[in-house]
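Residue numbers (full-length UniProt numbering): 1 to 435. Here the structure comes first, spelled out in structure tokens, and everything after it is commentary.
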Ligand SMILES: C[S@@+](CC[C@H](N)C(=O)[O-])C[C@H]1O[C@@H](n2cnc3c(N)ncnc32)[C@H](O)[C@@H]1O
């Protein structure tokens, strides 16, 4: 039986929600208990003040530490102490399940700009957030925690299994529900649900669950325990493919050869194979390789011929498909012209670099410094060419032509990745939704 101890300046706030419907009944039946601790009752000031101006200036007021600390110390068995805070650990069904094991839970509700940060040094406090939004106070957020935890208590809900078959309980969102009438404004209930075949209904519901998760929360699919049938369901769903608007352009000229000099680098067979296979795996439109050197273009042509039309291609169709995406070009302008011809519109150019801009010479770039999500957004609007440098990176004249620069893959320490490794990571960060 969990006891919730609520530290709040507005205990009345909880009256209706904690006395209504299932929660009201559970409270009457003694399945859940609540105690209220108002920091104002512990204020030592004449006017029962509990807030003051922030050190360092700025708008708003801050909840003082002393009344809060006294309120917390007045609770005999506080158990785990949660602080409702927008910057806290996100509340999830897993966390609710974990908290449901506790006998006592104390929830501190912030108000104003929040609480004096030293409270977190004085007590073992876990900040918890109910979403990336800012509410007026922690009371609304505390109610979300209380409901999520309480409904997992045996006896709280009518049927105990109803908590087991809901969104997030199996790492997926829930399937849709229908009730009478059988036809609502011309819309019938799906046939399968009326047929009475329970195995078919279970299969349909699982498929709906997988589809809803892909549509609304594809991020959940990365951790969801998927079956072979679920993967089949996912593979059959036509998906938006922003990758078709994205192409890599592997630059061998002009690139930095050292801090001062730019020039041409040599082709690397491994880069061509691997970046072509990455492009194919992420359903990208094409893969441009730029070198003005005739002998290098001949080498490239020889590799492509062998693996697409030659003996390599007939024995390995997957490799032939991947290398079929490669478009040789003598210059960046020529590569851009190829992509423009294919899409009917000039691509936006995004540069890449191993170093954060401004850290070294030759890093001047035009346009925004972009996150992978922003590049993905550009891809949803039109074609994008992502320029990859070889040797010591793209020459300044290439950076100047680009419309934006994507953040380096690793920028806090050692970051000497091969260009093909960086290409794989960038493709996944820009396009990889799930699995
Ligand atoms: C107006 S908010 C303070 C916001 C704070 N200045 C900030 O920017 O993070 C007042 C109180 O509401 C609660 N609160 C607001 N949004 C919340 C959220 N998303 N999750 C949990 N608690 C929240 C916290 O207790 C917070 O101290």
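Quick reminder that beta carbons are idealized off the backbone N, C-alpha and C, glycines included.
For the alpha helix (DSSP H) assignment, the uninterrupted runs of no fewer than 4 residues enclosed by the segment 106-171 are, from N- to C-terminal side, 119-122, 138-150. Around the CB of residue 107, 16 or more other CB atoms lie within 10 Å, so the residue is classed as buried.
For residue 201, the enclosing alpha helix (DSSP H) stretches over residues 198-216. Annotated as distal: residue 127 and residue 72, with beta-carbon spacing of 9 Å or more.
With contact defined as three or more Cβ pairs closer than 8 Å, the segment 147-156 and the segment 185-205 are not in contact.
Proximity of the segment 367-375 to the segment 326-344 falls short of the contact definition, fewer than three beta-carbon pairs being nearer than 8 Å. Beta-bridge analysis with DSSP links residue 188 to 183. Rounded to whole angstroms, the Cβ separation of residue 3 and residue 104 is 5 Å, and the two are in contact under 8 Å. The continuous alpha helix (DSSP H) containing residue 379 extends over residues 372-381. Nearest Cα to residue 286 within the set 384, 238, 174: 384.
No heavy atom of ligand 1 is found nearer than 8 Å to the CB of residue 175. Taken from the Cβ of residue 115, at least one heavy atom of ligand 1 lies inside 8 Å. Beta-bridge pairing by DSSP links residue 327 to 288.
In terms of side-chain proximity, the C-beta atom of residue 132 is found nearer than 8 Å to a non-hydrogen atom of ligand 1. Under DSSP, residue 350 shares a beta bridge with 386, 404. Residue pairing for residue 248: DSSP places it in a beta bridge opposite 287, 386.
Residue 402 and residue 352 have their C-alpha atoms some 10 Å from each other. Following the DSSP letters along the chain, one finds residue 87 inside the beta strand (DSSP E) bounded by residues 80-90. Bounds of the beta strand (DSSP E) holding residue 7 are 3-7. In the three-state reduction of the DSSP assignment, residue 62 falls in the strand class, which pools E and B. Taking a contact to require three or more Cβ pairs closer than 8 Å, the segment 80-96 and the segment 50-66 do not qualify as touching. Not one heavy atom of ligand 1 is found less than 8 Å from the C-beta of residue 68. With respect to residue 354, residue 415 sits close: the two C-beta atoms are nearer than 9 Å.
With a cut-off of 8 Å on Cβ pairs, the segment 324-334 is not in contact with the segment 218-237, counting fewer than three such pairs. By a beta-carbon distance limit of 8 Å, residue 426 contacts residue 372. Their separation comes to about 7 Å.
Each of 174, 217, 189, 22 was checked against the Cα of residue 180, and the nearest Cα belongs to 189. Residue 255 is bridged by DSSP to 263, 394. Residue 349 has its Cβ no nearer than 8 Å to any heavy atom of ligand 1.
Relative to the non-hydrogen atoms of ligand 1, the Cβ of residue 111 comes within a distance shorter than 8 Å of at least one. Short note on residue 415: C-beta not closer than 8 Å to any heavy atom of ligand 1.
Residue 431 is a Cβ neighbour of residue 242, given a cutoff of 9 Å.
When the alpha-carbon of residue 250 is set against those of 68, 199, 325, 120, the nearest one is in 325.
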